[in-house]
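A short worksheet on the structure shown next.
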């Protein structure tokens, strides 16, 4: 995940996406780039770092019956806030690019039970 990117859970609705973009740009506007000391390093992405900090870099998802448990409108989103490459990409859980670990491990969003025959596997160090 990029240092100026975030993952978050919310409703997949275009008006809400626009509201987030407007709100984040109000809190940490990209321009003028000279307002940020970080940009004196030759980069121009200080605002993206601040936006990422506000939105967070991890999510917690409930597991019910061994499956990821989302509300009816919830999705996990990946947001990259680096200007001009602003991207918000949603998922359709559990078959989600954001949930690659769940897809890799179980394929169906189910959390696999580790085999205790291999101690590294039991600790989650290798895929079952």
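Residue numbers (our numbering): 6 to 133. Think of the CB as a built atom: it goes at the ideal place given N, C-alpha and C, for glycine as much as any other residue. Values in this document were obtained by computation on a predicted structure and should not be read as measured data.
Residue from the options whose Cα sits closest to the Cα of residue i
{"i": "residue 81", "options": "54, 51, 60", "result": "60"}
{"i": "residue 22", "options": "88, 71, 84", "result": "84"}
Collapsed DSSP secondary structure at residue i in the structure displayed
{"i": "residue 59", "result": "helix"}
{"i": "residue 18", "result": "coil"}
{"i": "residue 79", "result": "strand"}
{"i": "residue 11", "result": "strand"}
{"i": "residue 49", "result": "coil"}
{"i": "residue 94", "result": "strand"}
Euclidean distance between Cα positions of residue i and residue j
{"i": "residue 68", "j": "residue 14", "result": "15 Å"}
{"i": "residue 74", "j": "residue 40", "result": "42 Å"}
{"i": "residue 101", "j": "residue 29", "result": "Note that residue 101 scores 37 on pLDDT, short of 50, meaning its location in the model is unreliable; the coordinates nonetheless yield the value given after this. Cα-Cα distance, rounded: 25 Å."}
{"i": "residue 33", "j": "residue 72", "result": "37 Å"}
{"i": "residue 49", "j": "residue 92", "result": "17 Å"}
CB-CB length for residue i against residue j, believed under 8 Å
{"i": "residue 24", "j": "residue 78", "result": "Wrong, their Cβ atoms sit about 15 Å apart, outside the cutoff."}
{"i": "residue 57", "j": "residue 86", "result": "6 Å"}
{"i": "residue 54", "j": "residue 9", "result": "6 Å"}
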